[in-house]
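Have a look at the structure below, then the notes.
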Amino acid sequence: MAKIKQDKERLRSVAEQITTALQERGHGRHFRQNYVARPGKTNTDGWYYNLGRLGRGKPSLEVWLDRYPARNRRRFWWGFFSTNPKSNSSHLWLMKRLPLLLKPTLPMRTVDDFTEIGRFSCLKQPLKRQEFSQPIEERYKIERFYGIYDNTPASDKIIVKRAVDFFGRVLCHLYGTAPVASDIDSDGLPARVKQTINRIVRDTKMSLAIKQLYGNRCQVCGKRLEIEPGEFYAEGHHLKPLGGEHQGPDLRGNLLCLCPNHHALFDYFAMPLNPARLKLNKHKLGQSFIDYHNSRVSML
Ligand SMILES: [Zn+2]
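Add 1129 to a position in the sequence shown, counting from 1, and you land on the number used in the numbering used here.
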């Protein structure tokens, strides 16, 4: 029983922090915030908060903490939820606007994937490891889901960061703008525009392998970030990026293991790559990918 109270309390706090962070990032104007004191109950043994709705007949932003994906422990889910007679059109409105990198990559869940266990519905096959932390789509009789299940025992701070990052990326694409805040310099000079650009950081199988090879240490600076005791964080970078205008391949020779700072520098082609100067270098990079990266750097 104590666990139930704890989980509910945790969900409430995470939901509040996500809403606040989305507003701080300038996304508040894109959804009508929903003030609710209590979480709603799910039929998969958990609760949810509706953070707000994108507009009439549009999906809601929701955060769930329930047993749907794994049975033995509640997991967080965040994403877009539609439930009304027109939920299919509101869901399709969203799906059509997703950029390639945010499209669900996993098989869609439907009502046939469920079974009743006791008072609750459960997935016949719990989600597999690689199905967590990826955009996923579900379509049931009325409800439509699009979002991400989190599988790591991360701190609330990290859960909030991941959820805000996901919502932020989708909202930027839906409304065509990055959140912008303008301010006036204290010396009265013209307004300066501050812009947040959301980079897409999503692991492929190959980038997970490269991160493992380097034990999450950055190949450029040799550092690794400890986000939880014993849990380290790094990002895989494709020298010739996947998708978009680049269409790079997901190959070892196209990948670097980087800390978030160096990843940003590489993503923006703000730093040339000389493999001989890498602090860590345990795998061979393809020369064509190095050249691709460096040619972009010198174009700037
Ligand atoms: Zn680094």
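The C-beta atom is built at its ideal place from N, Cα and C for all residues, glycine as well.
Could you tell me the alpha carbon to alpha carbon distance between residue i and residue j, rounded to whole angstroms?
i: VAL1309; j: GLN1348; result: With a pLDDT of only 39 at VAL1309, under the threshold of 50, the placement of this residue in the model should not be trusted, and no figure is reported.
i: GLU1364; j: PHE1274; result: 27 Å
i: TYR1177; j: PRO1404; result: 48 Å
i: LYS1132; j: TYR1164; result: 25 Å
i: LEU1406; j: ARG1154; result: Note that residue 1406 is Arg in the sequence shown, not Leu. So the alpha carbons of these two residues sit roughly 37 Å apart.
i: HIS1391; j: ILE1246; result: 47 Å
i: ARG1200; j: LEU1256; result: 10 Å
i: MET1335; j: ALA1166; result: 43 Å
i: PRO1378; j: LYS1413; result: 15 Å
i: ALA1307; j: HIS1156; result: The pLDDT assigned to ALA1307 is 49, lower than 50, so where the model puts this residue is not dependable; a value taken from the coordinates is nonetheless given after this. When rounded, the distance between both Cα atoms is 9 Å.
i: ARG1248; j: SER1424; result: 60 Å
i: GLN1376; j: ILE1419; result: 15 Å
i: LEU1342; j: TYR1362; result: 13 Å
i: ASN1280; j: HIS1422; result: 33 Å
i: ARG1202; j: MET1400; result: 43 Å
i: HIS1366; j: ARG1381; result: 10 Å
i: SER1218; j: ARG1268; result: 12 Å
i: THR1239; j: VAL1293; result: 26 Å
i: PHE1395; j: SER1427; result: 13 Å
i: ASN1213; j: ASN1410; result: 53 Å
i: LEU1337; j: LEU1385; result: 11 Å
i: LYS1352; j: CYS1388; result: 7 Å
i: PRO1282; j: PRO1358; result: 11 Å
i: ARG1139; j: GLN1416; result: 48 Å
i: ASN1345; j: GLU1266; result: 29 Å
i: HIS1220; j: GLY1373; result: 24 Å
i: LEU1101; j: PHE1160; result: The requested residue 1101 is not part of the displayed model; the chain covers only 1130 to 1429.
i: ASN1179; j: LEU1303; result: 19 Å
i: GLU1355; j: LYS1215; result: 45 Å
i: LEU1318; j: LEU1252; result: For LEU1318, the pLDDT reaches just 37, beneath the cut-off of 50, and the residue's location in the model is therefore unreliable, although a value from the coordinates is still provided. Cα-Cα distance, rounded: 59 Å.
i: LEU1183; j: LYS1369; result: 35 Å
i: ILE1277; j: LEU1223; result: 15 Å
i: GLY1297; j: MET1237; result: 23 Å
i: ALA1320; j: TYR1397; result: Summary for ALA1320: the model assigns pLDDT 36, below 50, so the residue's position carries little reliability, and this model does not support an answer.
i: ILE1339; j: PHE1295; result: 23 Å
i: ARG1258; j: ASN1383; result: 25 Å
i: ASN1327; j: GLN1254; result: Any reading at ASN1327 must be qualified, since the residue scores a pLDDT of 46, below 50, and its modelled position is unreliable; the value itself is stated next. Between ASN1327 and GLN1254, the C-alpha separation is close to 34 Å.
i: LYS1225; j: GLU1360; result: 36 Å
i: ALA1393; j: CYS1350; result: 13 Å
i: LYS1408; j: ALA1150; result: 35 Å
i: TYR1158; j: SER1211; result: Here residue 1158 is Arg; the residue named in the question, Tyr, does not match the sequence. Between ARG1158 and SER1211, the C-alpha separation is close to 19 Å.
Could you spell out the range, first to last residue, of the alpha helix (DSSP H) harbouring residue i?
i: ASN1217; result: 1216-1226
i: GLY1500; result: Past the edges of the chain, shown from 1130 to 1429, lies residue 1500, and the structure says nothing about it.
i: LEU1385; result: First-last for LEU1385: 1384-1387, but that is the beta strand (DSSP E), not the alpha helix (DSSP H).
For the beta strand (DSSP E) that residue i lies in, which residues bound it at each end?
i: TYR1177; result: 1175-1182
i: LEU1414; result: Looking at the DSSP string, LEU1414 is not in any beta strand (DSSP E), and its letter there is neither H nor E.
i: LEU1194; result: 1189-1195
i: THR1171; result: 1169-1171
i: PHE1209; result: 1204-1211
i: GLU1374; result: Premise fails: GLU1374 is in no beta strand (DSSP E) and is neither H nor E.
i: GLY1365; result: 1364-1367
Under 9 Å, Cβ to Cβ, is there at least one residue of chain D near residue i?
i: LEU1409; result: Judged by its chain identifiers, the structure shown contains no chain D, having just a single protein chain.
Below 8 Å on the Cβ atoms is my contact criterion, and I expect residue i with residue j to pass it. Report the Cβ-Cβ distance as a whole number of Å.
i: PRO1264; j: THR1234; result: 7 Å
i: SER1250; j: PHE1261; result: SER1250 to PHE1261, Cβ: 19 Å. No contact.
i: ASP1285; j: SER1142; result: 6 Å
i: PRO1168; j: LYS1134; result: Incorrect: roughly 12 Å between the Cβ atoms, too far for contact.
i: GLN1152; j: GLY1181; result: Not confirmed; about 10 Å, so no contact.
Let me know the alpha helix (DSSP H) ranges lying completely inside the region 1330-1360, each 4 residues or longer, listed in chain order.
1334-1342
Is the region 1172-1179 touching the region 1190-1207 in the sense that three or more CB pairs, one from each, lie closer than 8 Å?
yes
May I have a chain-ordered list of the beta strand (DSSP E) segments no shorter than 3 residues that lie completely inside the region 1239-1283?
Runs found: 1243-1246, 1249-1252, 1265-1268, 1273-1278.
For the structure I just gave you, are there three or more beta carbon pairs, one from the region 1273-1291 and one from the region 1135-1147, closer than 8 Å?
Segment contact: the region 1273-1291 against the region 1135-1147, three or more CB-CB distances shorter than 8 Å; contact assigned.
Does the region 1203-1216 come into contact with the region 1227-1238, if we say contact requires no fewer than three beta-carbon pairs (one atom in each stretch) closer than 8 Å?
The way I'd put it, the region 1203-1216 doesn't touch the region 1227-1238; fewer than three beta-carbon pairs between them come closer than 8 Å.
Can you confirm whether the region 1264-1272 touches the region 1179-1191 when touching is taken to mean that 3 or more C-beta pairs between the two stretches lie within less than 8 Å?
no
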